[in-house]
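Residues in the sequence shown are numbered consecutively from 1, following UniProt numbering.
Working notes for the structure below.
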Amino acid sequence: MSSFRKRLVCCLLTIGAVMLCAAGCATRAPVVGIPVYPGYPFPTIPPGLEDSAAALEHERAWLFLQADDLRAAEVSFTRALSGNPEFHPSTTGLGFVELSRGATEEALLRFEQALEWAPAYVPALLGRGETFLVADRVDEAIGSFEAAFAADPSLISLLQRVEELRFAGLMSQVNLARAAGAAGRDEEALAAYERLIGLSPESSFLYLELAAVERRRGNTDSALGYLEQAVFLDPDAVSAWLMMAEIYLSDSDFDRSEQALLRADAIEPRDEITRALLDIEVRRRGADRLPEFPEIEATEALTRGQLATLVGVQFERLLEEASVGRGAIITDARGYSGYAWLLTVVQAGVMEGDANYRFEPERNVTRAEFADVLIRIYGLGKASVEASPLSSRPRFSDLAPSHLSFSAASEAVSLGILFPRERNTFQPSGQVTGVDAIASVERLRLLIDNER
1 MSSFRKRLVC
11 CLLTIGAVML
21 CAAGCATRAP
31 VVGIPVYPGY
41 PFPTIPPGLE
51 DSAAALEHER
61 AWLFLQADDL
71 RAAEVSFTRA
81 LSGNPEFHPS
91 TTGLGFVELS
101 RGATEEALLR
111 FEQALEWAPA
121 YVPALLGRGE
131 TFLVADRVDE
141 AIGSFEAAFA
151 ADPSLISLLQ
161 RVEELRFAGL
171 MSQVNLARAA
181 GAAGRDEEAL
191 AAYERLIGLS
201 PESSFLYLEL
211 AAVERRRGNT
221 DSALGYLEQA
231 VFLDPDAVSA
241 WLMMAEIYLS
251 DSDFDRSEQA
261 LLRADAIEPR
271 DEITRALLDI
281 EVRRRGADRL
291 PEFPEIEATE
301 ALTRGQLATL
311 VGVQFERLLE
321 EASVGRGAII
331 TDARGYSGYA
341 WLLTVVQAGV
351 MEGDANYRFE
361 PERNVTRAEF
371 ADVLIRIYGL
381 GKASVEASPL
391 SSRPRFSDLA
401 PSHLSFSAAS
411 EAVSLGILFP
421 RERNTFQPSG
431 QVTGVDAIAS
441 VERLRLLIDN
451 ER
């Protein structure tokens with residue numbers, strides 16, 4: 001063998017050894033079973049570059065990324081870019097590497113670089129949107145996703161996700177507005193609701209909640225305006241009709257209150273609406289009778305003497321029939337202006353004195369005592385009163401079924417004569433206002449008249 005041929009063989013062997021070493025030293029691409037980041041879209045390679053060296057390295061890098069070998073993925077994406085810095089798929093790939101590391105600023109920088117080369121490149125738009133979400137920049141995420149959908153209208157599921165994000169963002173702001181209102185920060189709540197209406201002017205419930213804030217502040221005209229807008233957008237908004245009815249009733253506008261209640265009842269019949277309609281009729285009748293009881297109407301704490309006078313006048317015939325053949329002794333009220341009514345209610349058995357025959361006409365009436373008197377009157381003239389079973393009656397958070405006052409209280413509420421107070425309390429020791437007493441007695445009158 002000539003010296004030339006020897007040198008040629010040595011050279012070839014050396015080159016082969018170098019190639020074998022390079023092949024042995026290169027990181028082998030992993031076999032990916034289950035991708036670690038299945039939500040990441042593969043950064044597609046532009047037509048004409050599929051078989052390039054950069055494309056092959058790019059595909060290897062993506063396998064490393066899905067195997068969660070972020071360092072190897074970064075090296076391979078960088079290697080793909082070394083020959084062509086404008087190879088935007090690998091720039092996008094580096095964005096996903098940074099996103100996987102939680103480095104949102106670096107990820108956004110990479111995605112923006114890719115979009116400079118290809119403004120409608122969907123994988124970069126999607127990656128940027130995901131990064132915005134991680135950074136809690138929801139509005140910008142929505143914008144990026146919308147741009148991706150505009151570039152590829154086949155992404156129908158993306159459009160649905162945008163709507164879900166919009167709704168979630170809206171509800172997050174709604175919760176902040178509600179929290180401000182609940183904490184009594186009405187100015188903050190008003191500003192928040194006004195911003196929300198600007199974002200979603202077709203949302204009926206926003207006008208309803210804004211009306212509630214205005215009503216709490218005493219701006220009933222403004223509240224009614226918002227409620228009218230709410231029912232214009234959603235004619236079936238029962239809560240809006242009910243709030244309207246309450247506002248009109250508070251202004252003694254019985255006709256409009258009744259109309260609002262009838263609209264609500266046509267949409268969703270409820271017992272509370274039936275009771276409210278009955279209450280309007282009671283107030284209508286009571287308005288005609290109030291001059292008979294000006295002192296009672298004005299009182300904030302009804303006395304036993306006033307209660308005896310009120311029920312004595314309203315149920316005169318019923319009490320007289322129940323008093324036949326019965327006597328009464330009262331030792332402490334001969335000078336009381338309504339003494340005759342005191343005797344009548346005691347004779348009828350609807351009110352009682354103590355063991356010493358003292359009536360105590362100036363003592364305030366509690367709600368428990370008031371309920372007891374009303375139920376006793378309801379039972380007059382009946383052979384037997386079929387009270388509803390205790391198990392089916394209303395429950396109160398402050399009055400156990402074992403309490404002596406529970407039977408009358410629950411029966412009065414069950415019949416619609418009395419109503420629970422806030423947080424489902426009955427407040428048995430609470431006072432009774434004159435207006436409430438007159439309305440309750442009138443409800444009892446209607447109930448008795450209807451059953452005859």
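Glycine is no exception: its CB is placed at the ideal position from the N, C-alpha and C atoms.
Using the beta-carbon count (16 or more within 10 Å), is I273 buried or exposed? With 16 or more neighbouring CB atoms inside 10 Å of its own CB, I273 falls in the buried class.
Which same chain residues, not among the five before or five after A298, have their C-beta less than 8 Å away from its C-beta? Around A298: G434.
Top-ranked residue by Cα proximity to E362, from L155, G338, Q229, R443: Nearest C-alpha to E362: G338.
Provide the residue span of the alpha helix (DSSP H) that contains A240, from first to last. Per DSSP, A240 is one residue of the alpha helix (DSSP H) stretching across 238-250.
In terms of alpha-carbon separation, which member of S405, Y357, S440 lies closest to I417? Cα-wise, what sits closest to I417 is S440.
Which whole runs of the alpha helix (DSSP H) in the stretch 96-150 are 4 residues long or more, in chain order? Counting only runs of 4 or more, we get 104-117, 122-134.
For T44, which three-state DSSP category applies? Here T44 sits in coil by DSSP.
In angstroms with no decimal places, state the Cα-to-Cα distance between I377 and S407. Distance between the alpha carbons of I377 and S407: 15 Å.
Would you kindly work out how many angstroms separate the C-alpha atoms of F42 and L94, rounded to a whole number? If you take the alpha carbons of F42 and L94, they lie about 12 Å apart.
May I ask which residues mark the beginning and end of the alpha helix (DSSP H) holding T78? Boundaries of the alpha helix (DSSP H) around T78: 70-82.
Sorted by chain position, which residues of the same chain lie with C-beta nearer than 7 Å to I247's C-beta, five sequence neighbours on each side aside? Counting only Cβ-Cβ distances below 7 Å, and skipping sequence neighbours, we find R215, T220, A223, L224.
One question on the structure: do V346 and A368 come within less than 8 Å of each other, judged by their Cβ atoms? Contact annotation: V346 and A368 have beta-carbon atoms that are not nearer than 8 Å.
Going by other Cβ atoms of all chains shown within 10 Å of its Cβ, with 16 needed for buried, is V365 buried or exposed? Here V365 is buried. Its C-beta has 16 or more other C-beta atoms within 10 Å.
Indicate whether A80 and E57 have their beta-carbon atoms separated by less than 8 Å. Less than 8 Å separates the beta-carbon of A80 from that of E57.
Is it true that the CB of A114 sits closer than 8 Å to the CB of H88? In this structure, A114 lies closer than 8 Å to H88 by Cβ.
Taking the straight line between their C-alpha atoms, what separation do you get for Y357 and D332? Their Cα atoms are separated by approximately 8 Å.
Supposed contact pair A240 and residue 453 - C-beta distance, whole angstroms, cut 8 Å: There is simply no residue 453 to check, as the chain begins at 1 and stops at 452 in what is shown.
Please report how far the alpha carbon of A22 lies from the alpha carbon of R71, in whole angstroms. Because the pLDDT of A22 is 40, which lies under 50, any placement of that residue in the model is unreliable, and the question is left without a value.
Please say whether L155 and A148 have beta carbons closer to each other than 8 Å? Yes.
Straight-line gap, V324 to S429 (C-alpha atoms, nearest Å): Roughly 33 Å separates the two Cα atoms.
Using only the alpha-carbon positions, how far apart do V36 and E187 sit? In a straight line, the C-alpha of V36 is about 48 Å away from that of E187.
Helix, strand or coil for T220, going by three-state DSSP, please let me know. Note: T220 maps to helix in three-state DSSP.
Locate the alpha helix (DSSP H) running through H403, then write down its first and last residues. Element bounds for H403: n/a, residue is neither H nor E.
List the DSSP bridge partners of Q396. In the sequence as displayed, the identity of residue 396 is Phe instead of Gln. L399.
Do you know whose CA, among E411, G379, S405, lies nearest residue 462's CA? For residue 462 there is no data in the structure shown, the boundaries of the chain being 1 and 452.
Please list, in chain order, all residues of the same chain as L125 whose beta carbon is under 6 Å from its beta carbon, the five residues on each side excluded. Take L125, set aside five residues on each side of it, and the residues of its chain with a beta-carbon closer than 6 Å to its own are S144, A147, A148, in chain order.
Using a threshold of 8 Å, state whether the C-beta atoms of L399 and A409 are closer than that. Less than 8 Å divides the Cβ of L399 from the Cβ of A409.
Distance, Cα to Cα, residue 493 vs G181? There is simply no residue 493 to check, as the chain begins at 1 and stops at 452 in what is shown.
Measuring CA to CA, which of R423, E442, G184 is closest to L415? For L415, the nearest C-alpha among the options comes from E442.
I'd like to check one pair, T92 with P123: are the Cβ atoms closer than 8 Å? Yes, Cβ-Cβ distance for P123 and T92 is below 8 Å.
For L278, which residues from the same chain have a beta carbon less than 7 Å from its beta carbon, with the 5 sequence-adjacent residues on both sides left out? In its chain, beyond the 5 residues on either side, G416, R443, L446 have a beta carbon closer than 7 Å to the beta carbon of L278.
What are the boundary residues of the alpha helix (DSSP H) that includes residue 454? Only positions 1 to 452 of the chain appear in this structure, which leaves residue 454 out of reach.
Beta carbon of A230 nearer than 8 Å to that of A211: The answer is yes: Cβ separation under 8 Å.
Hey, how far is the Cα of A61 from the Cα of E50? Across the structure, A61 and E50 are spaced so that their CA atoms are roughly 15 Å apart.
Can you tell which of P85, S172, I142, F96 has its C-alpha closest to the C-alpha of E74? Of P85, S172, I142, F96, the smallest CA-CA separation from E74 is found for F96.
Have a look at A53 and R28 and give me their C-alpha separation to the nearest angstrom. Taking the Cα positions, A53 is about 16 Å away from R28.
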